[in-house]
Amino acid sequence: MTTDDVLAEVGPRLRRIRKEREVTLAALSEATGISVSTLSRLESGLRKPSLELLLPIAQAHQVPLDELVGAPPVGDPRIRASEPIRRYGRTHWPLTRQPGGLQAYKVLEPERRLEPEPRTHEGYEWLYVLSGKLRLVLGDHDVVLTAGEAAEFDTRVPHWFGSTGEGPVEFLSLFGPQGERMHVRARPRRT
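In the numbering used here, the protein residues as written are 194 to 384.
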């Protein structure tokens, strides 16, 4: 449907909504501050609808603006799981659709005990543990993250992460180009 098609349907929709509410053009004019002639021309399609005109009409009828313009329904916001990717002995499910920029993955690391081999590369990573325990070696730090914990780091720092060997670990990984940081607002855990 083209923009012209959508605009052509606004007038009849305005008339239908007004008549359903049993409101006269004069009463709607008084409620909106829009002249009767302008309202009549809008309904007949002789005047193109604008935001300046539609907002007061939507408020007067107490309907969302989308209802006046017949906005198409929003597409399904769910991201369908694509085929998992297997690399480094892990299973990765891509959660983002577009190439480049910030990339999100759900990752399942099997139970295994590996010797850490820290690596570096350009970028920034954020990890969030869903279940299990994730060992993170980052520079001089060697920490274990448990369910509900997150880590954020510059990938130019030598790093490695994997299973502690005490069961599988499931986590989310967000990876972005250098300088593209995630912003998480959380309070530190009290010990």
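By construction, the Cβ of each residue, glycine as well, lies at the ideal position given by its N, Cα and C atoms.
Going by DSSP, name the residue or residues bridged to A297.
L367
Please determine if the region 275–285 and the region 336–344 are in contact, where contact requires at least 3 C-beta pairs separated by less than 8 Å.
no
C-alpha distance - T231 paired with S237, whole-angstrom precision
10 Å
Quick one: what's A344 bridged to in DSSP?
L320
Report the option in Q296, T313, H254, L200 whose CA atom is closest to the CA atom of E223.
H254
When you compare each of P249, H314, E213 to S228 by their alpha carbons, which one comes out closest?
P249
Cβ atoms of G325 and V300: under 8 Å apart, would you say?
no
For P287: DSSP bridge partner residues
Y298
Does the separation of the CB atoms of S356 and P303 fall below 8 Å?
yes
For Y317, is the classification buried or exposed, using 16 other Cβ atoms within 10 angstroms of its Cβ as the cut-off for buried?
buried
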